[in-house]
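Note that this note's numbering has the sequence shown beginning at 41, numbered continuously upward.
Think of the CB as a built atom: it goes at the ideal place given N, C-alpha and C, for glycine as much as any other residue.
Keep in mind the model is a prediction, meaning the values are calculated, not measured.
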Amino acid sequence: MPLLRSVHLKACTLDIHGIGWDSIAAILSAPQFRSFTLGTYLLSPREAPSDRTCADTLAPITTFRFEQRDLHASLLDYPAQQNTLAFVLLRLRHSLESLHLPSEVAPVAVLSQTQWPRLRELFLTGEFDRSVGYPTPLASLFSGMSGLRILNLTLALRRGVSRKRLMLWPEGYESRLPWPDLESLTLSYPDPEDRIFVHLPPSLRHLSLRCTPHHCLHLWEQFDYRRYDSPILYSSEMLEILTKISAPLLDHLQLEYLVDSAEDDLLRCIVDKFPNIGFLEIQRFQTSLHESVPVATVAQRLSDLTCLRTLRAHLQPAAPIPYRSTPRTIEGPAAIKRYYAERVAALYPVATVLGSILPQPGIRLWLLQREDSGATWRLFRKQDVAQGAQIEIDPGVAARIKVRDF
C-alpha cells in the first residue's frame, strides 16, 4: 500500500491489550507513513526497545498520537511504555508537528531536554503523577518547543496533590516565554499566582481554564471520581487571572468556577477585555441550593458580546442532583418518555430566559444535562411561531455532545 499515509489502531474493548515493539517498529518504519495513532492499546508494555534496534529507520512521522481515554488508571503499571516513547520520540524530533501523549507515561526527560523545531501542537492528557518526574517549574518541560501554537494540558490531580504543582511560571522564575506565537492554551486548575498569564502572547485565540475531570462529574459521579480532587477556582480567583491577560484576538473562552461575590465583575471583565469572543463556555457552580440562580443577570452581561455565536452554559447549583435509575423497559414506552422529559424539564426555564435576552442572531445555545451516567450538552434552538419565539431542544443527532472524562 504505497499510498497509505496514516495508521490508526484502536481496541474496541476496555480489556487491557498491548502491541509489542516488533509490530510498532514495522509500522513506524514504513517510509511513506506520516501519521500514527494508537488508541486504547498499550504501547510495547512489556519491553522497551534498545539502541541496537531500529536506530535510524523510523519514517519522518509528523503526527504521533498515543490516546488513552479509558485506561489512565492502568498506565503506571507498565512503565516500559515511557522508555518506548522516549526511544521513539527522540528519533522523530526533527519531523514531529503534532504530539498527543498520556501524561502518566510521558517521557519528560526527552521532552524537556530536546529541541523540537517543527512541533506545533502538544497535548498531555491524564493524571498528573509525581513519580513520572515532571520538572519544576512546569514551563521548563516545553522550553525546546518555540514553535508551539497549541498547548493542551488536561491534567487530573490525585487527592492530596496541590494544584500549585501545575503552575507553569511560579514567582521568581526567570525566563522568556518559550512560545511567542501560541494561539491556544488549555490548563487544568489554573492558579492566580501563576505568572504565565502575564506573559501570554497577543496571538492567543483560544483559552480554556477548566477542571479535569469536569467539576460536574465530581459532583454527579462521586464514586467514579473519588481518586481525584477538584480544587475549582472561585469567580474572584478567575477574575484575578483574566485581568492579567492581554489577548485582543481571543475568540474562544472556556471557564469553570465556583460562585462568590465577584461573579458579576468577572462577567463584566469578559465582555470588556475580550469583545471578540465567538465561543464562550461557562460552567458555574453555587455552594447552596437555597440561592437563586441569576440567569437573567448572566444573560444581560453576555448580551454585549456582539460576536458571540455559541454559548455553552451550566448555571445550576452545585449540590448533587438525586440519582434515579433509568426506568425498566417493562414500564412501557410512555413511562420512559416521561422519565426523559423530566430530566430536561429543568433546562427549559434557563434556555427560555437566555434565549429571550441574548440578542445575537442565530446564536447556538447549549445547556448541560445530567445523564444516568455522566453529562451531555444539549442544543436548544429558537422557533418562530405566530405567538413569538419559543425555545425547544434541537432533536438532531448532532445536537448532543457527551462530556468526556478527559
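For residue i versus residue j, is the C-beta spacing smaller than 8 Å?
| i | j | result |
| --- | --- | --- |
| A120 | S84 | yes |
| L348 | I317 | yes |
| S143 | L130 | no |
| I190 | S135 | no |
| R133 | I101 | no |
| L320 | Y297 | no |
| L206 | L181 | no |
| Q72 | L54 | no |
| L116 | E137 | no |
| R418 | L387 | yes |
| V384 | H254 | no |
| L49 | V128 | no |
| R203 | P271 | yes |
| F446 | T124 | no |
| E277 | P232 | yes |
| S343 | L398 | yes |
| K313 | L345 | no |
| E107 | H140 | yes |
To the nearest angstrom, how far is the alpha carbon of residue i from that of residue j?
| i | j | result |
| --- | --- | --- |
| L151 | A126 | 8 Å |
| T176 | N192 | 18 Å |
| R266 | E411 | 19 Å |
| V437 | W406 | 14 Å |
| Q400 | R308 | 17 Å |
| D269 | W219 | 30 Å |
| E161 | T103 | 9 Å |
| T252 | L306 | 22 Å |
| E211 | L279 | 19 Å |
| I236 | Y229 | 13 Å |
| L351 | A99 | 42 Å |
| W209 | A51 | 38 Å |
| A391 | I431 | 7 Å |
| T77 | A415 | 27 Å |
| S183 | T154 | 9 Å |
| S413 | W260 | 8 Å |
| L329 | C256 | 15 Å |
| D169 | R421 | 42 Å |
| D62 | V47 | 16 Å |
| A66 | V201 | 40 Å |
| S243 | R440 | 31 Å |
| L247 | Q294 | 6 Å |
| S454 | A149 | The structure shown does not extend to residue 454, since the chain spans only 41 to 446, so no value can be given for it. |
| G58 | L240 | 39 Å |
Under 7 Å Cβ to Cβ from residue i, same chain only, skipping five residues before and after it: list those, please.
| i | result |
| --- | --- |
| I56 | L82, L111 and S114 |
| M185 | W156, L159, L162, P218 and W219 |
| T97 | S69 |
Contact criterion: CB-CB distance below 8 Å. Does residue i meet it with respect to chain B?
| i | result |
| --- | --- |
| T346 | In the structure shown, chain B cannot be found, because there is only a single protein chain. |
If you drop the 5 nearest sequence neighbours on each side, which residues of the same chain put their C-beta closer than 6 Å to that of residue i?
| i | result |
| --- | --- |
| H354 | Q323 and L408 |
| V238 | K284 |
| R404 | T350 |
| D434 | L419 and R421 |
| R105 | T77 and H140 |
By Cβ distance below 8 Å, which residues in the same chain neighbour residue i in space, the five residues on each side in sequence not counted?
| i | result |
| --- | --- |
| R245 | E223, S224, A287, L289, L290, D291 and H292 |
| G187 | W156, P157, R158, L159, R160, W219 and D221 |
| G402 | R349 |
| P389 | V335 |
| Y213 | P177, A179 and R235 |
Would you decide whether residue i is buried or exposed? Buried here means 16 or more other CB atoms lie within 10 Å of its CB.
| i | result |
| --- | --- |
| L249 | buried |
| P147 | buried |
| P89 | buried |
| A196 | buried |
| R109 | exposed |
| T327 | exposed |
| F263 | exposed |
| G166 | buried |
| A339 | buried |
| S275 | buried |
| I234 | This sequence places Asp at residue 234; Ile is not what is there. That one is buried. |
| R198 | exposed |
Can you name the start and end residues of the alpha helix (DSSP H) that residue i belongs to?
| i | result |
| --- | --- |
| R308 | E303 to K313 |
| V47 | Counting along the chain, V47 falls outside any alpha helix (DSSP H), though it belongs to the beta strand (DSSP E) covering S46 to K50. |
| Q400 | Counting along the chain, Q400 falls outside any alpha helix (DSSP H), and DSSP gives it neither H nor E. |
| R131 | A120 to R131 |
From what residue to what residue does the beta strand (DSSP E) around residue i run?
| i | result |
| --- | --- |
| Y297 | H292 to L298 |
| T337 | Per DSSP, T337 belongs to no beta strand (DSSP E); it is in the alpha helix (DSSP H), V335 to L342. |
| F168 | E161 to F168 |
| Q323 | F319 to F325 |
| F237 | Unbroken run through F237 is the alpha helix (DSSP H), I236 to H239; no beta strand (DSSP E). |
| I441 | R440 to K442 |
| S228 | S224 to S228 |
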